[in-house]
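Residue numbers (this note's numbering): 1 to 153.
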């Protein structure tokens, strides 16, 4: 049976992506990120978010897309990954939309240069819009979560 769910819509390199609302804690404006040595290149560092140290990942870099300088539209989406909060730098966060599981198809092997393992599906909505849904458990794989948890300790 089809189920309705809500997603936060954000952009990366002119493509629209979605994360389920129940996985998103908050959306923040860009703030200075403190670099942490010996981390993967896509880990930009940490921010102090209301007294909590939150690791920040540049999703462009994570997905192998060309990096760009933050703009006034850039946002940090704070998501919950297991017991850890992690920030994702995105080009913009635009909208919250309602989807239905009937609208979601399995992702092709590669979408916009991003490997299918990072994606949970592709939703068709509106006239000609496609929304790429993220698979958070792959975007942050287990070993990376363990590394990131050490920042908060």
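Using N, Cα and C, we set each Cβ at its ideal position, and we do this for glycine too.
- Residue 132 sits close to residue 16, with the two beta carbons spaced by under 9 Å.
- Looking at the backbone, the Cα of residue 23 and that of residue 77 are separated by about 10 Å.
- With fewer than 16 other Cβ atoms inside 10 Å of its own Cβ, residue 37 counts as exposed.
- With 16 or more other CB atoms across the displayed protein chains lying within 10 angstroms of its CB, residue 120 is buried.
- As a beta-bridge residue in DSSP terms, residue 26 pairs with 78.
- For the pair residue 86 and residue 5, the Cα-to-Cα distance works out to about 22 Å.
- Annotated three-state conformation of residue 119 is strand, per DSSP.
- In this structure, residue 79 keeps its C-beta atom at 9 Å or more from the C-beta atom of residue 61.
- For residue 20, the secondary structure class from DSSP, reduced to helix, strand or coil, is strand.
- In the three-state DSSP reduction, residue 101 falls in the helix class (H, G or I).
- Taking 8 Å as the upper bound for CB-CB distance, residue 99 and residue 125 are in contact here, some 7 Å apart.
- For residue 138, the enclosing alpha helix (DSSP H) has its first and last residue at 136-139.
- Here residue 73 has 91, 92 as same chain residues with Cβ atoms under 7 Å from its own Cβ, once five neighbours each way along the sequence are excluded.
- Cβ-Cβ separation between residue 66 and residue 123: approximately 25 Å, too far for a contact (criterion under 8 Å).
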